[in-house]
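A.B. asks: Quick note: to get my numbering, add 79 to the position in the sequence shown (first position is 1).
Heads up, the beta-carbon is just placed ideally off N, CA and C, and yes, glycines get one too.
On a predicted model such as this, the values are computed, not experimentally measured, just so you know.
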Amino acid sequence: MTMHILVHDLDNDIQTYQRAINSSGSYLLEKGYIQPDYITACIDREKEYPTGLLMSNNLGIAIPHANYQLVKEDAISIVRSTQGVVFGRMEDADLMVTCQLIFNLAFSTSDQHLSILQRLFALFQDENFAINCQKLSCSQVQQLVNQQLNP
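#1: Straight-line CA distance for residue 84 to residue 114?
#2: Classify residue 155 as buried or exposed, calling it buried when 16 or more other Cβ atoms lie within 10 Å of its own Cβ.
#3: In whole angstroms, give me the CA-to-CA distance for residue 105 and residue 157.
#4: CB residue 169 to CB residue 143, shorter than 8 Å?
#5: With C-beta atoms as the reference, is residue 150 less than 8 Å away from residue 185?
#6: Skipping 5 residues on each side, what residues in its chain have a beta carbon closer than 7 Å to that of residue 147?
#7: Tell me, which residues are paired with residue 171 by DSSP?
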């Protein structure tokens, strides 16, 4: 099954994780890939189980997601922030990380979710991948992620 990849640059006035998730989710909703409740479910889940990651290269990446039952078609909405958005850290909710990349994951099965997460974590370890996600055009990033996740 093909996964849809959407890539956008976040408006500079968006500075909270709630607004960043709302923005990334709106692209998924616009395409009909998720049910409207998915965005709120992502924000609610983020409060309980933060998804911010501080990578070894000091890049912050967040991977908000919610219940697969609210997903119509598999997709990832990637939003890039030049100034970063503060998310709680996955390994310790009391710690914060400023995230420049937000991968809003929407998968229709839990198996798909785990499989893609493993592949993403491997990609996040690759400094070139992270740099390319920040520096390339949106369409180039879309193509890069497609190549990596839709072999």
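C.D. replies: Well, looking at it:
#1: Rounded to the nearest angstrom, the two C-alpha atoms are 17 Å apart.
#2: Result: buried.
#3: 11 Å
#4: no
#5: yes
#6: 186, 187, 188, 189 and 192
#7: 168
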